[in-house]
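A.B. asks: Residue numbers (the working numbering), protein chains in the order written: chain A, 865 to 1112; chain B, 68 to 389.
Below is the structure I would like to discuss, written out as structure tokens.
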Amino acid sequence: MKILVCISHVPDTTSKINFTENDTQFDTNGVQFVINPNDEFGLTRAMWFKEKQNATIDIINVGGPETEPTLRKALAIGADSAIRINTPAVDGFQVAKELSHVIKNGNYDLIIAGRESIDYNGAMVPGMLASLIGANFVNTCIGLEVEGDTATAVREIDGGKETVTTSLPLVIGGQKGIVEESDLRIPNMRGIMMARKKPLNVVEPQGASAETKVESFDKPAPKGPTKMVDADNLDELIDLLHNEAKAI
Amino acid sequence: MSVLVYTESEEGKFKKTAYEVASYARGIADMLGTTVTAVTINAEETSSLGAYGVNKVLHVKNEKLKQFSASAYASTLEMAAKQEDAKVVVLSSSANARYLAPLLAVALEAGYASNVVALPTSQEPFKVKRTAFTNKAFSHTEITTPVKIISLGKNAFGLKEAETEVQEEDFSPELPENAFNVAVQSVDKAKDKVSIADAEIVVSAGRGLKGPENWEMIEEMADILGAAMACSKPVSDLGWRPHGEHVGQTGKPVAANLYIAVGISGAIQHLAGINSSKTKLVINNDPEAPFFKAADYGIVGDAFEIIPRLNEKLKAFKEQNS
Ligand SMILES: Cc1cc2nc3c(=O)[nH]c(=O)nc-3n(C[C@H](O)[C@H](O)[C@H](O)COP(=O)(O)OP(=O)(O)OC[C@H]3O[C@@H](n4cnc5c(N)ncnc54)[C@H](O)[C@@H]3O)c2cc1C
């Protein structure tokens, strides 16, 4: 089985979010970038297929040279080779279109992407990609098995989960649950050394257009002071929740 | 020309989000000087949409669509959008709506903005405000294509009544063969429980509860308040609670009216998921817990001592006010 894992390069989850250039650009100053957590869960599931079912794993990213350390980390975790489409990621549609060009020639059986990236939270690349290449698609995937040409996936739905079956080629939008947190791998020294020798192919973009454009960013207004209530005065709490907050 | 809205139902009944997206679509239609057409799939009665500004209902009745299928639903909406010459398509933020939206975007060659929290700030160019960085910021985004798709953040807009006469039409588009390539085998849904996505109140607890055996008092509170249950990430990682309850950056977003956090420290990744909740109550024994800074109301104290007392008081309050 040939697997492709889409890797988004995102600010580390503890990053302070700030903007520059008149609030039009994300301020990368002092920000550490990591593999998007939803993608890391998917990559780990791919490693399981590699070890148990002899799959091969390519990883792919749309982005400039600054994303290469993130790709090397994914190689150190165990992916076999990497592809970087050399253009900044502007919006989900553009990313999906760029990915689809490369993927059409790749004969992948399974394409694993994350449910959403934790920076722009677009939640659109996996579905758009599936549509563009004519593959089946399962979103919010929290379980996945593949037997021959058939995939069985568990999908999170509002208030529960559902089990679906479909055929390859398949694109999934994965998330935590597809593997447990404790299964995530930290690259070891050997992995890091080997990653240096693994191929990282840079391909030029097709010049796909974005369909949305970020004009500016802003941050939520600071909230007012917290009202502290004494633990011995729960009646006051209920009164505040009922009369002031109108929440109960 | 119209604004098309996908109004979701469950077992024939509209979900609250159906009225919310209808209200929002009405707002856009007023800006654009046009009408609202709703697509309903296997809903039993559709006239209630008239109260929220829907002019026309395309009523799909199809046994094959009883189980949600992203691809088949996207095809249905695609054909409706084409028939109605829709300029904007509005969906909710439910798991299903966000599953089908990207498929629809490709079919209609439409720019798509998810997590939108307000009416467009401008029509030409078409600009919307959406959340980004998992609720730590907003992004003002322009959609540049002729057809636009919007998924509306939960509880972002509310219900706006606008009495309108509804015209009903049966709609039975021919669905492509491959629309059912992903087949649902089984659905496992807690029937009597409120889901986080639909809940007005969410009661959540963290590692401060010390073990899975201590959740009874939290469940009791959720019961009294008719609330959904949630938890912090370590709690679901430890297997104390199911994964589906984990909220935060890598879990579910919560945009409830009231979010109650018991024994949760308020790490940045947790806060990112609950920022858009209206009122936050935090109960923690550590006065330095970062969560207090994000809270509207806080109580410093031991959960094991406070929650049982609070439950008694909430029960009495509910009895008096029901
Ligand atoms: C990539 C990444 C993604 C993450 N995503 C998420 C996410 O989506 N959601 C999430 O929640 N976390 C997430 N985390 C984890 C996050 O950083 C915190 O570790 C987590 O939120 C802490 O959970 P907690 O508050 O339940 O536990 P703790 O940090 O252990 O805090 C427990 C709290 O309970 C209080 N307490 C203890 N006993 C009592 C008592 N008897 N009564 C009252 N209070 C008591 C303590 O004072 C403390 O404040 C993520 C981390 C990483 C690295």
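Each residue gets a CB set at the ideal place from its N, CA and C atoms; glycine is no exception.
Since the structure is predicted, the reported quantities are computational estimates derived from the model, not experimental observations.
Could you pull the DSSP bridge partners for Gly-1024 of chain A from this structure?
C.D. replies: Bridge partners of Gly-1024 of chain A: A:Ile-1021 and B:Lys-256.
A.B. asks: For Val-364 of chain B, which residues of its own chain have a beta-carbon under 7 Å away from its beta-carbon, when the five flanking residues on both sides are left out?
C.D. replies: According to the sequence displayed, residue 364 of chain B carries Tyr and not Val. The residues are Leu-348.
A.B. asks: Is Met-288 of chain B near Ile-335 of chain B, with beta carbons less than 9 Å apart?
C.D. replies: No, these two residues do not count as a Cβ contact at 9 Å.
A.B. asks: DSSP three-state call for Ile-263 of chain B: helix, strand or coil?
C.D. replies: Here Ile-263 of chain B sits in coil by DSSP.
A.B. asks: Does the Cβ of Gly-306 of chain B have 16 or more other Cβ atoms within 10 Å, making it buried, or fewer, making it exposed?
C.D. replies: Flag for Gly-306 of chain B reads exposed.
A.B. asks: Indicate whether at least one CB of chain B lies closer than 9 Å to the CB of Tyr-972 of chain A.
C.D. replies: Judged by the 9 Å Cβ criterion, Tyr-972 of chain A is not in contact with chain B.
A.B. asks: With 9 Å set as the bound, which would you pick, yes or no: does the beta-carbon of His-965 of chain A sit closer than that to a beta-carbon of chain B?
C.D. replies: Judged by the 9 Å Cβ criterion, His-965 of chain A is not in contact with chain B.
A.B. asks: Measuring only the C-alpha atoms, how far is Phe-1001 of chain A from Ile-1042 of chain A?
C.D. replies: Those two C-alpha atoms are separated by around 15 Å.
A.B. asks: Below 9 Å on C-beta distance, what does Phe-224 of chain B contact in chain A?
C.D. replies: Those within 9 Å of Phe-224 of chain B in chain A number zero; the least Cβ separation is about 17 Å.
A.B. asks: With distances taken Cα to Cα, identify the nearest neighbour of Pro-320 of chain B among B:Thr-198, B:Ala-246 and B:Phe-224.
C.D. replies: Nearest of B:Thr-198, B:Ala-246 and B:Phe-224 to Pro-320 of chain B, Cα basis: B:Thr-198.
A.B. asks: Quick one: is the Cβ of Pro-375 of chain B within less than 8 Å of any heavy atom of ligand 1?
C.D. replies: Every heavy atom of ligand 1 is 8 Å or more from the Cβ of Pro-375 of chain B, so no.
A.B. asks: Per DSSP, Met-296 of chain B is paired with what?
C.D. replies: Bridge partners of Met-296 of chain B: B:Val-270.
A.B. asks: Tell me where the alpha helix (DSSP H) around Asn-388 of chain B begins and ends.
C.D. replies: Its alpha helix (DSSP H) spans residues 370-388.
A.B. asks: Leaving aside the five residues before and after Gln-316 of chain B along the sequence, list all residues of the same chain whose C-beta is less than 7 Å from its C-beta, in chain order.
C.D. replies: Hits under 7 Å: Thr-201, Gln-336, Ala-339 and Gly-340.
A.B. asks: Which residue or residues does DSSP assign as beta-bridge partners of Asp-237 of chain B?
C.D. replies: For Asp-237 of chain B, which the question treats as bridged, DSSP gives the partners B:His-126.
A.B. asks: Within 10 angstroms of the Cβ of Ser-239 of chain B, are there 16 or more other Cβ atoms? Answer buried if so, exposed if not.
C.D. replies: By the neighbour-count rule (16 or more Cβ atoms within 10 Å), Ser-239 of chain B is not buried but exposed.
A.B. asks: Cα-Cα, which of B:Val-329, B:Ser-343 and B:Leu-276 is closest to Ala-1085 of chain A?
C.D. replies: Selected option, being the one with the closest Cα: B:Ser-343.
A.B. asks: When you compare each of B:Pro-243, B:Ala-361, B:Gln-387 and B:Val-173 to Val-203 of chain B by their alpha carbons, which one comes out closest?
C.D. replies: For the record, residue 203 of chain B in the displayed sequence is Lys; it is not Val. For Lys-203 of chain B, the nearest C-alpha among the options comes from B:Ala-361.
A.B. asks: Which of helix, strand or coil does DSSP assign to Met-1092 of chain A?
C.D. replies: If DSSP states are grouped into helix, strand and coil, Met-1092 of chain A belongs with the strands.
A.B. asks: Tell me whether the beta-carbon of Asn-351 of chain B lies closer than 9 Å to the beta-carbon of Ile-366 of chain B.
C.D. replies: Yes.
A.B. asks: Between Ser-945 of chain A and ligand 1, is there a pair consisting of the residue's CB and a ligand heavy atom that are separated by less than 8 Å?
C.D. replies: Checking the Cβ of Ser-945 of chain A against ligand 1 gives no.
A.B. asks: For a minimum of 4 consecutive residues, which ranges assigned as the alpha helix (DSSP H) are wholly contained in the region 321-345 of chain B?
C.D. replies: Runs found: 335-341.
A.B. asks: Please confirm whether Ser-159 of chain B and Leu-219 of chain B have their CB atoms less than 9 Å apart.
C.D. replies: A contact, by the Cβ cut-off of 9 Å.
A.B. asks: Going by DSSP, what residue range makes up the beta strand (DSSP E) through Ser-1080 of chain A?
C.D. replies: Where Ser-1080 of chain A is concerned, the enclosing beta strand (DSSP E) stretches over 1076-1082.
A.B. asks: Is any heavy atom of ligand 1 found at a distance shorter than 8 Å from the C-beta of Gln-316 of chain B?
C.D. replies: Result yes, Cβ under 8 Å from ligand 1.
A.B. asks: If you drop the 5 nearest sequence neighbours on each side, which residues of the same chain put their C-beta closer than 8 Å to that of Leu-132 of chain B?
C.D. replies: The residues are Ile-108, Asn-109, Ala-139, Tyr-140 and Thr-143.
A.B. asks: Are Ala-356 of chain B and Leu-276 of chain B closer than 9 Å when you measure CB to CB?
C.D. replies: Against a cut-off of 9 Å, the Cβ pair of Leu-276 of chain B and Ala-356 of chain B comes out as no contact.
A.B. asks: When DSSP builds the beta bridges, which residues end up paired with Lys-347 of chain B?
C.D. replies: DSSP lists B:Tyr-326 as partners of Lys-347 of chain B.
A.B. asks: CA-CA distance, Lys-221 of chain B and Thr-1016 of chain A?
C.D. replies: About 30 Å.
A.B. asks: Does chain B have any CB closer than 9 Å to the CB of Thr-892 of chain A?
C.D. replies: It does not; no Cβ of chain B falls within 9 Å.
A.B. asks: Tell me, please, whether the region 1022-1032 of chain A touches the region 889-907 of chain A by the rule of three or more beta-carbon pairs shorter than 8 Å.
C.D. replies: No, they do not touch.
A.B. asks: Using a beta-carbon distance below 9 Å, is Gly-395 of chain B in contact with chain A?
C.D. replies: It is not possible to answer for residue 395 of chain B, since the shown part of chain B is limited to 68 through 389.
A.B. asks: Could you check whether the region 80-93 of chain B touches the region 110-121 of chain B, counting it as contact only if at least three pairs of C-beta atoms, one from each stretch, sit closer than 8 Å?
C.D. replies: With the cut-off at 8 Å, the region 80-93 of chain B and the region 110-121 of chain B touch.
A.B. asks: CB Asn-925 of chain A to CB Ile-947 of chain A, shorter than 9 Å?
C.D. replies: The answer is yes: Cβ separation under 9 Å.
A.B. asks: Just to confirm the assignment: which complete alpha helix (DSSP H) runs, minimum length 4, are found wholly within the region 876-958 of chain A?
C.D. replies: Counting whole runs of 4 or more residues, the region 876-958 of chain A contains the alpha helix (DSSP H) stretches 901-917 and 932-941.
A.B. asks: Could I get the ranges of all uninterrupted beta strand (DSSP E) runs contained in the region 131-193 of chain B, with 3 residues as the minimum, in chain order?
C.D. replies: Segments of the beta strand (DSSP E) lying fully in the region 131-193 of chain B: 153-158 and 178-183.
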